[in-house]
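Structure first, then comments.
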Ligand code: IMP
Ligand code: MG
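Residue numbers (the working numbering): 646 to 829.
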């Protein structure tokens, strides 16, 4: 499904309501391919630990790494700053990972969306304190809020400030499997 067709006809949405498609499948695929090329050029020697943030970055991570033409390794972390609401709690809990040793490694965090920036502000120093020699960030979406001062090296899209769902992004665990990104 692409474009702005009536979302009520998408059986994946069911009887829930979504406002409009913000990034359709083709737009996401093209931008992810470009990001893959940028990352490929940025790390000529590869040997990067690509670290996805669960669960939101799962679809983006899966598509992105298939576009990186370098030797890399994959790992995941789970951090929670949201609970089940739509406004960040500001407090970040680390629930899982990394499981691969980061000592002396270049780590590329793959994040679905930068909102308040709290998750990355907590995750980057955590990885540095674990011994990572370099930590870069690739975020599919960046809301460009004034609180988010963390340096994001690779950005897919400057996103609208509305609450977004789909392509990994959820609202109370719904909508993650949509192949497009929509506003709620
Ligand atoms: P931050 O810590 O406030 O930057 O938010 C980081 C995390 O909150 C993201 O990785 C998402 O998982 C989640 N999040 C932030 N904004 C949205 C949104 O618009 N829709 C769905 N999840 C979001
Ligand atoms: Mg996330």
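Here a beta-carbon is modelled for each residue, glycine too, at the ideal position from N, C-alpha and C.
If you're wondering where the values come from, they're calculated on a predicted model, not measured in any experiment.
Item: Under the three-state DSSP convention, the category residue 779 falls into; Value: strand
Item: Where residue 774 sits in the DSSP three-state scheme; Value: helix
Item: Coarse secondary structure for residue 695, derived from DSSP in three states; Value: strand
Item: Bounding residues of the beta strand (DSSP E) (the contiguous stretch that carries residue 666); Value: 665-668
Item: N-terminal and C-terminal residue of the beta strand (DSSP E) that residue 802 is part of; Value: 799-803
Item: Segment limits, beta strand (DSSP E) that includes residue 723; Value: 717-725
Item: Residue from 799, 701, 659, 758 whose Cα sits closest to the Cα of residue 781; Value: 799
Item: Which listed residue (720, 702, 682) has its alpha carbon closest to that of residue 786; Value: 702
Item: 6 Å Cβ shell around residue 706 - same chain, five flanking residues per side excluded; Value: 697, 755
Item: Residue 675 versus residue 778: straight-line alpha-carbon distance, rounded; Value: 31 Å
Item: Own chain residues within Cβ distance below 8 Å of residue 648, not counting five before or after; Value: Because residue 648 sits at a pLDDT of 48, beneath the cut-off of 50, its placement in the model cannot be relied upon, and the point is left open.
Item: Residue 758 CB to nearest heavy atom of the ligand IMP below 7 Å; Value: yes
Item: The ligand IMP heavy atom lying under 7 Å from the CB of residue 793; Value: yes
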